[in-house]
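Numbering (my numbering), first residue to last: 14 to 154.
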Amino acid sequence: MAKQLVAEVKVQIPGGAATPAPPVGTALGPHGVNIGQFVQQFNDRTKDMAGTTIPVVISVYNDRSFDFIMKSPPAAVLLKQAAQIAKGSGNPKKNKVGKVTVAQLQEIAKTKFADLNAPDIDQAAKIIAGTARSMGLEVEK
Numbered sequence: 014m015a016k017q018l019v020a021e022v023k024v025q026i027p028g029g030a031a032t033p034a035p036p037v038g039t040a041l042g043p044h045g046v047n048i049g050q051f052v053q054q055f056n057d058r059t060k061d062m063a064g065t066t067i068p069v070v071i072s073v074y075n076d077r078s079f080d081f082i083m084k085s086p087p088a089a090v091l092l093k094q095a096a097q098i099a100k101g102s103g104n105p106k107k108n109k110v111g112k113v114t115v116a117q118l119q120e121i122a123k124t125k126f127a128d129l130n131a132p133d134i135d136q137a138a139k140i141i142a143g144t145a146r147s148m149g150l151e152v153e154k
């Protein structure tokens with residue numbers, strides 16, 4: 014008999030730093046999944062992305078087995094790394110906290126392209142530029 018999908022759990026975890034503590038433990042515990050096994054597999058796959066927040070979709074099956082899909086990091090996280098800032102502006106219209114170049118936007122758009130609803134890289138870069146402006150970052154031409 015084929016495995017039957019019981020639940021799909023979505024969490025965001027820092028790369029290479031998953032632990033059985035929340036949010037992983039509280040998300041997977043009610044479904045009876047071996048949390049230690051998930052943590053080990055996730056950390057092995059993401060050891061090169063240490064510190065970057067990675068969204069994960071975990072599919073839990075009726076025999077308590079699981080598999081997971083890693084998405085690309087959120088645009089805001091990639092923009093903060095590119096601009097080398099700790100957080101975005103509380104008032105993005107008045108207070109600018111950093112700058113990003115068009116080349117940096119293109120690189121982030123290439124990273125995020127599979128997860129964005131855009132026909133090409135130029136349109137994806139415009140989406141990322143909008144996120145940058147809403148964070149209080151200036152886009153340099």
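Note that beta-carbon positions come from the ideal geometry of N, C-alpha and C, so glycine has one too.
Values in this document were obtained by computation on a predicted structure and should not be read as measured data.
So residue i is in the beta strand (DSSP E); what residue range does that whole segment cover?
i: F79; result: 79-83
i: T114; result: 111-114
i: L129; result: Here L129 belongs to no beta strand (DSSP E), and DSSP marks it neither H nor E.
DSSP beta-bridge partners for residue i?
i: S72; result: E21, D80
i: I48; result: Beta-bridge pairing links I48 to no other residue.
i: I26; result: I67
i: E120; result: Answer by DSSP bridge pairing: none, since E120 is not bridged.
Got a sec, what are the start and stop residues for the alpha helix (DSSP H) residue i sits in?
i: G143; result: 134-147
i: L91; result: 88-96
i: L41; result: 37-41
How many angstroms separate the CA atom of residue i from the CA atom of residue j?
i: I82; j: I26; result: 12 Å
i: G45; j: F51; result: 12 Å
i: P105; j: L150; result: 8 Å
i: N47; j: K112; result: 43 Å
i: E120; j: Q17; result: 39 Å
i: S147; j: F79; result: 37 Å
i: V24; j: D57; result: 17 Å
i: K125; j: S85; result: 6 Å
i: A34; j: K154; result: 44 Å
i: A96; j: G103; result: 16 Å
i: P36; j: R77; result: 19 Å
i: K93; j: P132; result: 25 Å
i: I140; j: A127; result: 13 Å
Hey, residue i and residue j are a contact pair by Cβ (cut 8 Å); roughly how many whole angstroms apart?
i: V73; j: A15; result: Actually they do not touch by this definition, with Cβ atoms about 15 Å apart.
i: T66; j: V90; result: 5 Å
i: G28; j: G64; result: 7 Å
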